[in-house]
Amino acid sequence: MRSRAAFLLVVILFTSPALADRGREYIQVREVTMSLEDGDAVFDVRFALDPFARLYVLALGTKHIEPELLDLFSGFGNLSVRKTEPHRAVLVSRGAGELKSGYYLYDARRLGSEVPKLVVVYPEKLSRTFYDVSATPSVFSQA
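Encoded structure:
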């Protein structure tokens, strides 16, 4: 038991500075689903972690990768993390859409890095897929 704790301590000591220096390199975003819900934007982010980051998350939990995930959507206001798992996270931007004439208008917003696949899901359950994007598209939905 002691050797296991010592091993985890050594791994944490070596990986935490490395993760801090590398920024978002240790998280590779695979896909983002943006669901439009009553003026809010709900982001379901699927990502992969490199081996050191995965070990770090297993040892210390997912709270330590949340700041990097929040940075990805820094263009959105009132952003919070609903749930984080080792390969997936759900973030919510309250009031992302502006209500005008019975429609919620969602302006395009720059993302913190390029996303290989972005799926926008409308309230009617229709979806549009975009590839290799660095910003969310301007979209609207009926209120």
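For the sequence shown, full-length UniProt numbering begins at 1 and goes up steadily by one. A virtual CB, placed ideally from N, CA and C, is assigned to each residue, including glycine. The structure displayed is predicted, hence computed values, not measured ones.
Contact between Arg88 and Arg46 holds: their C-beta atoms lie close to 5 Å from each other, under 8 Å. Put simply, the backbone Cα of Pro86 is about 27 Å away from that of Pro137. A direct Cα-to-Cα measurement between Val115 and Val32 gives close to 7 Å.
Note that the segment 50–70 does not touch the segment 116–124; fewer than 3 beta-carbon pairs, one per stretch, sit closer than 8 Å. Here DSSP, grouped into helix, strand and coil, assigns Glu124 to coil. Under DSSP, Ser101 takes part in no beta bridge, so it has no partner. In the three-state reduction of the DSSP assignment, Arg54 falls in the helix class. The beta carbon of Gly102 sits closer than 8 Å to those of Gln142 and Ala143, all from its chain and outside the five residues before and after it, given in chain order. When only Cα atoms are considered, Val139 and Asp38 end up about 13 Å apart.
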